[in-house]
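Novice: In my numbering, the protein residues as written are -1 to 465.
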Amino acid sequence: MKKYDVLIVGASTTGCWFAEKMAAQGFEVLVIEKQLPEKVSREYDIFHMSENEMNQFGLPVPDESSSLREFSFCGSPMGSPYGNHKKKAGTAKIIGLHKHDYIMFMAENAKAKGAEIIYGAQFTDLLFDEKGGVAGIKYITEDGEKEAYAKIVADCSGIPSVARRKLPDASVVENFALEPVDILYVILYYFELQDKSINSRDIDCFYMQYKSWCAPAGKDYDGLFGIGGCFSYKYAEEVYNTQFMKNITFPEHTVKKVEKGMTPYHRSVYSFVEDGFIVMGDAAFLTKPTCGEGCTSSLVQGEIAVDVISKLLNNGEKLTRKNMWSINKRYMDAQGKDFDSMRPLLMGLIKMNFDEAEYLFANDVIFSDKILGGMDDGLNLSTADVLDIVKGILSGVVKKKIRPSSVAALLKGLKQSDAVAKLYENYPESISGYYDWKEKADALWSEIGTLASTCDPVIMNKLGISE
Ligand SMILES: Cc1cc2nc3c(=O)[nH]c(=O)nc-3n(C[C@H](O)[C@H](O)[C@H](O)COP(=O)(O)OP(=O)(O)OC[C@H]3O[C@@H](n4cnc5c(N)ncnc54)[C@H](O)[C@@H]3O)c2cc1C
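Printed below as a string of structure tokens:
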């Protein structure tokens, strides 16, 4: 019976990237993907990555004549809820690519390095060794049920997290399923402007209060309007129709194409590794808390995993959770602490009503060129910035532009953000401290709640949604 070094479930961005990196070092890699090649990642067409991040993770940047690449642009501003103010939000060069085509290109690169990819192969279960460690998988193809064995199984299956969910309850990798409250249901409207004299790039903008954005969509459309909502696509649609289109003067346009997709909005799992197992990408909830993008942010953990796992394999050591524990610790230091501590703060901000947020934009409090313009590298606030924010908010309260309850929500968000950062800084060095740490983290996250707590009660009522 053949035993691979690495067996990957899911051949999208995370799975193909990991397969290429491991195969490039001479390891035997098998990837199984449930879709046939022509159907891989067809939910939506255009996706973006910054050129800097592509270079950082060794993702080839196609040149302008390539059919993989549709356009590039440099950051878009952030707009206020009534559209009266726009603030500079990042200056990174963003590359717009066709997702299916780029993933197939990544798959070819992985194959060129020696990885084997089987399409039309659906994971069904994990196989365990006599000590309870993961030893392989069962999967189904049109030829029937099969088994494959490996030193490590990597779950790169996205939101369904098909392999992670088959781990026993006693595993240090949590096996829960994502609920609709923890998912952003995203609708993309590709549009054509009626007034052709408008430069469509002038309306590119990110609107945090509606979880929506307007961006380029390639040569066939004037732009793309995206909006995300918890619970369901219906919720996102309601925000688009009853709030965004009412509050923002958006040029007359015709919607030419609609696409839909889901992205996780949840803290990362606490541990990625188990004996013979790792979870990566959307299956581990590694998306950016500011926008829900996940292709490159997943690779921060991916790079650490490649480093640790290849060293262990080269040294002939077993891929146990003990030996791979440093992946957890290093990820929490490199990105997890910053991403997950940002969530409660963002929730506090989004809880402000539209009038309050408009006031903050108008007065450069939080929503200022200085703070948002530096967000390319994450939200780094100096003590002077925090003092300015506090002064600006207090002045808003005195002028009765900001409700005390909103200040309380924001302060709560700040406090929880600090508590998460401190807890994650102290992520255990080894499994022995894990259970105590997890108990504290569980208590903190149950107090923080989910992004769905920022949803509009009027829309929830209308749609018959209860949290
Ligand atoms: C509308 C929308 C727009 C987005 N735009 C961007 C963007 O511009 N930039 C960005 O960085 N991110 C973006 N994201 C997020 C991005 O799509 C994800 O973070 C990213 O695709 C995660 O990649 P992944 O490989 O981890 O998982 P996925 O892309 O979900 O891939 C999982 C793979 O596993 C396969 N699979 C599932 N079940 C099984 C099974 N049982 N057996 C075998 N295979 C299985 C699936 O078929 C799939 O190919 C967007 C998300 C949405 C919804």
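For every residue, glycine included, the Cβ atom is placed at its ideal position computed from N, Cα and C.
1) First and last residue of the beta strand (DSSP E) that includes Ser10?
2) Roughly how many whole angstroms lie between the Cα atoms of Leu186 and Tyr238?
3) By the three-class DSSP mapping on this structure, what secondary structure does Met206 have?
4) Considering only their Cβ atoms, is the gap separating Ala161 from Ala21 smaller than 7 Å?
5) Apply the 10 Å Cβ neighbour rule to Phe229 and answer buried if 16 or more other Cβ atoms are within range, or exposed otherwise.
6) For Gly81 and Glu437, I'd like the C-alpha separation in whole angstroms.
7) Please work out which residues of its chain come closer than 6 Å, Cβ to Cβ, to Leu358, disregarding the five sequence neighbours upstream and downstream, and give them in chain order.
8) Along the chain, which unbroken stretches of the beta strand (DSSP E) at least 3 residues long are found entirely within the stretch 177 to 265?
9) Just the Cα atoms here: how many angstroms apart are Ala419 and Met345?
10) Within the present structure, is the beta-carbon of Gly8 separated from the nearest heavy atom of ligand 1 by less than 6 Å?
11) Below 8 Å on the Cβ atoms is my guess for Ile348 versus Pro262; work out the distance and round it to an integer in Å.
12) Determine whether the beta carbon atoms of Asp3 and Leu297 lie at a separation below 7 Å.
13) Rounding to the nearest angstrom, what Cα-Cα distance links Leu442 and Pro249 in this structure?
14) Does the beta-carbon of Glu31, which I'm using as the reference point, lie nearer than 6 Å to any heavy atom of ligand 1?
15) I'd like the span of the beta strand (DSSP E) that includes Gln54, first residue to last.
16) Using 10 angstroms around the beta-carbon of Glu145, count the other beta-carbons present and answer buried if the total reaches 16, otherwise exposed.
17) Can you grab the Cα-Cα spacing for the pair Lys460 / Thr240, in whole Å?
18) Decide if Leu392 is buried, meaning its Cβ has at least 16 other Cβ atoms within 10 Å, or exposed.
19) Cys72 bridges to which residues according to DSSP?
20) Within 10 angstroms of its Cβ, does Ala407 collect 16 or more other Cβ (buried), or is it exposed?
21) Expressed to the nearest angstrom, what Euclidean distance is found between the alpha-carbon atoms of Glu143 and Tyr117?
22) Whose C-beta lies closer than 7 Å to the C-beta of Ile387 among residues of the same chain, with five residues either side of it excluded?
23) Report the partner residues of Tyr137 according to the DSSP bridge assignment.
24) Can you tell me where the beta strand (DSSP E) holding Val298 begins and where it ends?
25) Which residues mark the beginning and the end of the alpha helix (DSSP H) in which Phe359 is found?
26) Along the chain, where does the beta strand (DSSP E) that runs through Glu31 open and close?
27) Quick check on the burial criterion: 16 or more other C-beta atoms within 10 angstroms. Buried or exposed for Val56?
28) Going by DSSP in three states, Val396 sits in which element: helix, strand or coil?
29) Run through DSSP, which three-state label would His46 get?
30) Output the boundary residues of the alpha helix (DSSP H) element that contains Ile470.
31) Mind checking whether Ala148 and Leu317 have CB atoms under 7 Å apart?
32) In terms of residues, what are the limits of the alpha helix (DSSP H) holding Val405?
33) Could you have a look at Arg40 and say whether DSSP puts it in helix, strand or coil?
34) Does the beta-carbon of Leu385 have 16 or more other beta-carbons within 10 angstroms, so that it is buried, or is it exposed?
35) Report the option in Glu26, Tyr42, Tyr100, Val29 whose CA atom is closest to the CA atom of Asp466.
36) Under 7 Å, Cβ to Cβ, is there at least one residue of chain C near Lys164?
Specialist: Reading it off the structure:
1) DSSP places Ser10 in no beta strand (DSSP E); its state is neither H nor E.
2) Roughly 11 Å separates the two Cα atoms.
3) DSSP places Met206 in helix when its eight states are reduced to three.
4) Contact: no.
5) By the neighbour-count rule (16 or more Cβ atoms within 10 Å), Phe229 is buried.
6) Glu437 has its alpha-carbon roughly 43 Å from the corresponding atom of Gly81.
7) Answer for Leu358: Ile364, Phe365, listed in chain order.
8) Within the stretch 177 to 265, the complete beta strand (DSSP E) runs of at least 3 residues are 181 to 191, 203 to 205, 210 to 213, 221 to 227, 251 to 262.
9) Going from the Cα of Ala419 to the Cα of Met345 covers about 16 Å.
10) Yes, Cβ of Gly8 sits closer than 6 Å to a heavy atom of ligand 1.
11) In this structure Ile348 does not touch Pro262 by the C-beta definition: roughly 17 Å separates them, more than the 8 Å allowed.
12) No, the pair does not count as a contact, with Cβ atoms beyond the cut-off.
13) CA-to-CA, the gap between Leu442 and Pro249 works out to about 44 Å.
14) Result yes, Cβ under 6 Å from ligand 1.
15) Element bounds for Gln54: not the beta strand (DSSP E) but the alpha helix (DSSP H), 49 to 54.
16) Glu145 is exposed by the Cβ-count criterion.
17) Near 12 Å, if we compare the C-alpha coordinates of Thr240 and Lys460.
18) An exposed status is given to Leu392, since fewer than 16 other beta-carbon atoms sit within 10 Å of its beta-carbon.
19) In DSSP, Cys72 forms a bridge with Lys91.
20) Ala407 is buried by the Cβ-count criterion.
21) Here the alpha carbon of Glu143 sits roughly 14 Å from the alpha carbon of Tyr117.
22) Only Val363, Ile364 meet the Cβ criterion.
23) Per DSSP, Phe121, Lys144.
24) Per DSSP, Val298 lies in no beta strand (DSSP E); the unbroken alpha helix (DSSP H) holding it starts and ends at 296 to 312.
25) Its alpha helix (DSSP H) spans residues 352 to 360.
26) In the DSSP assignment, Glu31 falls within the beta strand (DSSP E) that extends over 27 to 31.
27) The sequence given here places Gly at residue 56; Val does not occur at that position. Burial call: exposed.
28) Val396 falls in the helix class under three-state DSSP.
29) DSSP places His46 in strand when its eight states are reduced to three.
30) The structure shown does not extend to residue 470, since the chain spans only -1 to 465, so no value can be given for it.
31) For the pair Ala148 and Leu317, the CB atoms are not nearer than the 7 Å cut-off.
32) Segment 402 to 423, the alpha helix (DSSP H) holding Val405.
33) Correct three-state label for Arg40: coil.
34) So Leu385 counts as exposed.
35) With the chain represented from -1 up to 465, any question about residue 466 goes unanswered, as that position is not in the structure.
36) No chain C appears in this structure, which consists of one protein chain only.
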